[in-house]
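Working notes, beginning with the structure itself.
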Amino acid sequence: MKVAFLMGNRLSAWHTRMYEPLLGLGVDLKALTYRPLRFPLDQVRIPYEIIPNRAETRTLGKRIREGIENRLVGTPVNEDPADLVARLEGFDLIHSWELFSADTEAALEAKKRWGTPVLVTVWDNLPFHREEDPVFAKRKQRARKEVDRFLVYTHDSRKTLIEEGVESTRIQLIPPSVDLEAFSPATSPPKNPVILGVGRMVPEKGFEDLIEAVGFLLKDRTRESLTLRLLGAGPNEEAVDRLAETRGLGEQYERVPVLDYSELPEFLRQGTVLVLGSKPTPEWKEQFGMILIEAMACGVVVIGAKSGAIPEIIGGAGLVYEPGAFDELAECLRQVLDRDAFRESLTAKGLEQCRNRFDRVSNAKQVLSLYESLVR
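So for the sequence shown, my numbering puts the first residue at 123; every next one is plus one.
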């Protein structure tokens, strides 16, 4: 079975981990991606090809003219993939992403030409999102009619599709998963408590709330051994670092800008508890939170804000709080740090949840069954 795997320019190691076992189950999987790449590809283990985007196929003169127009009046430079439809010939199945993407539009054109079935993964959990843009609205309307099946990772996304008019019989939920061999618990817990936060440094990820909560905890002089360790970089990083200094975290605060994905399990094993403090905006709410299942698999307790899919992913294996309520977050942290038996019970629940819901080998077999149902 030959499957074209499309994720736009967002192909990444963490998004593709669940699909790696398919290579040993008789699936000839190939990803097609294009520049500008959003993530490094050095640890993507499924076969992939970087194809030219439309801007790269322009003549030099036209590219210069487009660049000037973009600078002067904001005219967007077309970075959609070039000749993607033609490249999709010969596949048995096309697995694309999101209804609004240019990739899905190309996949449906390929279906029109050659009858290739189309499966679309949907992360989006905001009904009618982006439909104020007529291009996206037209793409989504077509996809709702013509896509053979939709793969969603959360009940939140499933509800979104149904609200948009997609029949429930065309939707299958298979959550993303984690490599339980790579992401596994430490042989012993950290000697001193370590609070972790991982993500891009932007306001909606809630790092400022985490710092406020930790600053609140550090008013208790008995917490001198506590460390807050962040992993991430982005436009808000200087503001985050300044706030940590202002709140007096001093040497109890560390931020690592970037790590190789292969180093993430060891980073997580050094933690006692991980916080994902995402705050919803009119244009976004947390769609999954891969770091939650990666942390749980490493035996780290998770705490998350009630944004999008976070409560669904945490389930009974962690604690949740209202987005932005750093006093409530501080109380959640107190419970985890100060109650050993409670913390150990959450750790055990997280590990069990990963085995039962987020094991990539088990979930890859579900994906294979879905593929086989579409390729007859």
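Glycine residues also receive a C-beta, built at the ideal position from the N, C-alpha and C atoms.
These numbers come from a predicted model, not from an experiment.
Proximity to L441 across K471, K152, Y170, G370 peaks at K471, based on C-alpha coordinates. Per DSSP, reduced to three states, the secondary structure at S279 is helical.
With the rule of 3 Cβ pairs closer than 8 angstroms, the region 128 to 136 does not count as touching the region 461 to 477. Contact annotation: N358 and V380 have beta-carbon atoms that are not nearer than 8 angstroms. Of the candidates N247, D331, R498, the residue whose Cα lies closest to the Cα of A366 is D331. The continuous alpha helix (DSSP H) containing F464 extends over residues 462 to 479.
Counted as a single uninterrupted DSSP element, the beta strand (DSSP E) harbouring W219 occupies residues 215 to 219. Only exposed fits T291, as fewer than 16 other CB atoms lie within 10 angstroms of its CB.
Using a Cβ-Cβ distance cut-off of 8 angstroms, the region 388 to 396 and the region 418 to 431 are in contact, since at least three pairs of beta carbons, one from each stretch, lie closer than that value.
Taking 8 angstroms as the cut-off, the beta carbon of L221 is found no closer than this to the beta carbon of V207.
Counting along the chain, the unbroken alpha helix (DSSP H) around A419 starts and ends at 412 to 419. Here the region 273 to 291 lies against the region 232 to 247, with 3 or more beta-carbon pairs under 8 angstroms apart. Rounded to the nearest whole angstrom, the C-alpha separation of H251 and F258 is 9 angstroms. Counting only unbroken stretches of 4 or more residues, the alpha helix (DSSP H) elements lying wholly within the region 301 to 375 are 329 to 339, 359 to 368, in sequence order. Taken through DSSP and simplified to helix, strand or coil, A153 comes out as strand.
Beta-bridge annotation (DSSP): R377 is paired with L352. The criterion of a C-beta distance shorter than 8 angstroms is satisfied by P445 and K428.
By the Cβ test, the region 360 to 374 is not in contact with the region 481 to 488, since fewer than three Cβ pairs between them sit closer than 8 angstroms.
Beta-carbon to beta-carbon, L147 and I168 are separated by about 13 angstroms, too far to satisfy the 8 angstroms threshold. Only residues of its own chain outside the window of five on either side were considered, and among them S400, K401, T403, W406 have a CB closer than 7 angstroms to the CB of E326, listed in chain order.
Around I284, the same chain offers S290, I293 as residues with beta carbons nearer than 8 angstroms, after the five sequence neighbours per side are excluded.
A126 is bridged by DSSP to K152, I216. Around the CB of G287, fewer than 16 other CB atoms lie within 10 Å, so the residue is classed as exposed. Taking V316 as the centre and dropping the five residues before and after it, the same chain places the C-beta of T349, R351, Q392, G393, T394 closer than 7 angstroms to its C-beta, in chain order. With respect to the 8 angstroms criterion, M412 and P298 are classified as neighbours on the basis of their beta carbons.
In this structure, the straight-line span from the alpha carbon of A361 to that of A447 is close to 19 angstroms. Taking D214 as the centre and dropping the five residues before and after it, the same chain places the C-beta of M123, K124, V497 closer than 6 angstroms to its C-beta, in chain order. Proximity to L128 across D342, P143, R456, T155 peaks at T155, based on C-alpha coordinates. Using a Cβ distance threshold of 8 angstroms, R176 and A204 count as a contacting pair. Measuring C-alpha to C-alpha distances from M140 to each of V166, A229, D202 identifies V166 as the nearest.
Burial state of T344 is exposed, judged by a 10 Å Cβ sphere holding fewer than 16 other Cβ atoms.
In the same chain as R209, and ignoring 5 residues on each side of it, the C-beta atoms closer than 7 angstroms to its own belong to L154, I173, in chain order. G237 and D363 have their alpha carbons spaced roughly 54 angstroms apart.
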